[in-house]
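Participant: Residue numbers are given in this note's numbering: position 202 of the sequence shown equals residue 202, and the series is strictly consecutive. Glycine included, C-beta positions come from ideal geometry on N, C-alpha and C. Provided herewith is a single structure, encoded as structure tokens, for subsequent inquiry.
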Amino acid sequence: EKKLLEVLEETRLSYTGKYRGLVNLAIRWFVRDGALALKESLEKETILASILSHVRPLLEKPGIRPLHKLDALKRIISDHEGFSKAIVFVDRVIVARKIAEELHYLNPVMIIGKTKLREDLRRVLRKAHDPRTKLVISTSAGEEGIDLPEADLLVIWSNVASPLRFIQRHGRILRLTGRKGLKFVTYIVTPDTPDMDSLIDSLELAKKSGVDIPVDESVLEELWRRTTRNRILTVLSGRPMPAEWIAELINMPLDMVLKGIKRLENKGMVIYIYTYLGKTYVLPEDLEILYEQYNEYLEPDLSLVARIKPYIDNEELKAVTGTYESVKRKMMHLLRRYGYFSKLSASLQVPLETGALQQVFLHYTFKIESEEVLDTVLKNIFSAKKYIDVLYK
């Protein structure tokens, strides 16, 4: 299965534009819903089926499980022994049918959103509410439009890619939670894949939006380490480099790399300086390596004067102006006072060989918590003459 995912990722990188987008969809179906869902999609005469014609034989190999999340679902049901009714949310009808087949001993009912006759729908819902029915499997259509029975165990099999849809779904779960008896809500996620990425993005947006998500920050951090973006930390360890190199080394689109880097910046787990390569990223614990490899961009011009604006979250603190030594002294005092800066911006005039002055604006959009990182940033600001050509070429 891991090899199949690698083949899909290699195929994605060989295309651009809408074709790459189609392969992204295929990857999402595979890691979120399972090989069975991807196989069904490739059996249709579509552009995607043509692009992935070499993948279809791989789906038939013995090591490829139709539903790789099924074992996790069985464990969840086993671990929550004694539940009265469980509802599993899936996106694909073929997945719902396979789950019902595998868990037939729970007397499952499928609400798949294709029951157009009112009488048929009533019959399905009556069976779903029957105490003898231990498992209800609902597609997204059923989830959004049908009054589901009370349950004490909810399982999300198909995680949505849209954080907004996640919040809408979570709202429905909260309404179910308000009913008597609901005890557990469980998400089944494929680690180290876009499936985990989507869940983390959704959880973080929900928290920022004020939605009550009972997930501890430490748990969220641990989950994040099982996303594809954690590869950024691995590849950066001991090797400062620009984002383009990171994207190439981990076979990930540049926009996804930059998105992952941004989250790392917000937590101070990745920083950068400006060099002849542009923004050159590094782990804070690798500053010594940064000085060894890019020392010329960390040698401050003591004659320059810069204006530095520190920020605490969205609040702009009073700007500090002066030469390197003066600014360093004042900024260190502020750092000790506030404990961290969420970002810094700087402006200064750099003399050119022509005698003219070049106005330079710099932005360091990562969390600064240590004096070592702050001093590195200040040295880089006052070394602007070394990389000014890169900034304004």
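I'd like the ranges of any alpha helix (DSSP H) spanning at least 4 consecutive residues and lying wholly in the region 43 to 71.
Facilitator: As far as the region 43 to 71 is concerned, its whole alpha helix (DSSP H) runs of at least 4 residues are 47 to 51.
Participant: Looking only at its own chain, which residues have a Cβ that is under 8 Å from the Cβ of Thr-177, when we skip the five neighbours before and after it?
Facilitator: Bear in mind that a pLDDT of 48 at Thr-177, under 50, signals an unreliable position, so the model cannot answer this.
Participant: Just how far apart, CA to CA, sit Asp-313 and Leu-352?
Facilitator: So the alpha carbons of these two residues sit roughly 35 Å apart.
Participant: If you draw a straight line from the C-alpha of Leu-287 to the C-alpha of Val-373, how long is it?
Facilitator: Their Cα atoms are separated by approximately 8 Å.
Participant: Is Thr-177 helix, strand or coil by DSSP?
Facilitator: In this prediction, Thr-177 scores a pLDDT of 48, lower than 50, which makes its location untrustworthy; the coordinate-derived value is nonetheless stated afterwards. Helix, per DSSP.
Participant: Use the C-beta contact count for Tyr-392: other C-beta atoms within 10 angstroms, 16 or more gives buried, fewer gives exposed.
Facilitator: Looking at its Cβ environment, which holds fewer than 16 other Cβ atoms inside 10 Å, Tyr-392 is exposed.
Participant: Should Lys-395 and Asn-107 be called a contact, given that it needs their Cβ atoms to be closer than 8 Å?
Facilitator: Given a span of 1 to 393 for the chain in the structure shown, any question on residue 395 remains unanswerable.
Participant: Around the C-beta of Arg-21, are 16 or more other C-beta atoms found within 10 angstroms, so that it is buried, or is it exposed?
Facilitator: Arg is not the amino acid found at residue 21; the sequence shown has Gly there. It counts as exposed.
Participant: Are the region 244 to 257 and the region 347 to 363 in contact at 8 Å, needing three or more beta carbon pairs?
Facilitator: Because the criterion of three Cβ pairs below 8 Å is not met, the region 244 to 257 and the region 347 to 363 do not touch.
Participant: Where do the N-terminal and C-terminal ends of the alpha helix (DSSP H) with Val-23 fall, by residue?
Facilitator: Unbroken alpha helix (DSSP H) run through Val-23: 17 to 32.
Participant: Let me check understanding here. Comparing Cα to Cα, which of His-170, Ile-271, Arg-307, Tyr-274 lies closest to Leu-154?
Facilitator: Measuring from the Cα of Leu-154, the nearest candidate turns out to be His-170.
Participant: Could you compute how far the alpha carbon of Glu-10 sits from the alpha carbon of Arg-56?
Facilitator: Each residue's alpha carbon lies about 15 Å from the other.
Participant: Who are the Cβ neighbours of Tyr-387 in its own chain at under 7 Å, not counting the five residues just before and after it?
Facilitator: The residues are Tyr-274, Thr-275, Tyr-276, Tyr-297.
Participant: What first and last residue would you give for the beta strand (DSSP E) that runs through Gly-278?
Facilitator: From DSSP, the beta strand (DSSP E) with Gly-278 extends over 278 to 282.
Participant: Going by beta carbon distance, what residues of the same chain come within less than 7 Å of Leu-8, once the five residues before and after it are set aside?
Facilitator: Correct list, in chain order: Val-23, Ala-26, Ile-27, Phe-30, Val-55.
Participant: Alpha carbon to alpha carbon, what distance is there between Asp-212 and Asp-147?
Facilitator: Looking at the two C-alpha atoms, the distance is approximately 23 Å.
Participant: Could you give the first and the last residue of the continuous beta strand (DSSP E) run that contains Ser-138?
Facilitator: It spans 135 to 138 - the beta strand (DSSP E) in which Ser-138 sits, taken as one unbroken run.
Participant: If you draw a straight line from the alpha carbon of Gly-339 to that of Lys-208, how long is it in whole angstroms?
Facilitator: Cα to Cα, the separation comes out at about 22 Å.
Participant: Just how far apart, CA to CA, sit Arg-229 and Pro-242?
Facilitator: When rounded, the distance between both Cα atoms is 15 Å.
Participant: Nearest-angstrom Cα distance between Ile-250 and Arg-231?
Facilitator: The straight-line gap from Cα to Cα measures roughly 7 Å.
Participant: Where does Glu-319 fall in DSSP's three states?
Facilitator: Just to set this straight, residue 319 is Ala in the shown sequence, not Glu. DSSP places Ala-319 in coil when its eight states are reduced to three.
Participant: Could you give the uninterrupted runs of the alpha helix (DSSP H) lying entirely in the region 80 to 128, keeping only those of 4 residues or more?
Facilitator: Taking only runs of at least 4 residues, the alpha helix (DSSP H) segments lying wholly in the region 80 to 128 are 93 to 102.
Participant: Whole angstroms is fine: what's the gap from Lys-61's alpha carbon to Lys-3's?
Facilitator: Lys-61 and Lys-3: Cα-Cα distance of roughly 11 Å.
Participant: Straight-line CA distance for Gly-268 to Asp-389?
Facilitator: Their Cα atoms are separated by approximately 28 Å.
Participant: DSSP three-state label for Tyr-291, please.
Facilitator: Helix, per DSSP.
Participant: With a threshold of 16 other CB atoms inside 10 Å of the CB of Leu-236, please say whether the residue is buried or exposed.
Facilitator: Buried: at least 16 other Cβ atoms inside 10 Å.
Participant: Taking the beta strand (DSSP E) that Leu-154 belongs to, which residues open and close that run?
Facilitator: Taken as a continuous stretch (DSSP letters only), the beta strand (DSSP E) holding Leu-154 covers 153 to 156.
Participant: Should the region 186 to 203 be regarded as contacting the region 218 to 229, the criterion being three or more beta carbon pairs within less than 8 Å?
Facilitator: Touching, per the Cβ criterion.
Participant: Run the CB neighbour count on Lys-136, radius 10 Å, all protein chains shown included, and call it buried at 16 or more, exposed below.
Facilitator: With the sequence shown as reference, residue 136 is identified as Val, and Lys is not the correct amino acid for it. With 16 or more Cβ atoms within 10 Å of its Cβ, Val-136 is classed as buried.
Participant: Classify Leu-48: buried if its beta carbon has 16 or more other beta carbons within 10 angstroms, exposed otherwise.
Facilitator: The residue in question, Leu-48, is buried, as its Cβ has 16 or more Cβ neighbours within 10 Å.
Participant: So, at 7 Å on beta carbons, what are the nonlocal neighbours of Glu-371 in its own chain, with the 5 sequence-adjacent residues on each side left out?
Facilitator: Same-chain partners within the cutoff: Met-332, Leu-335.
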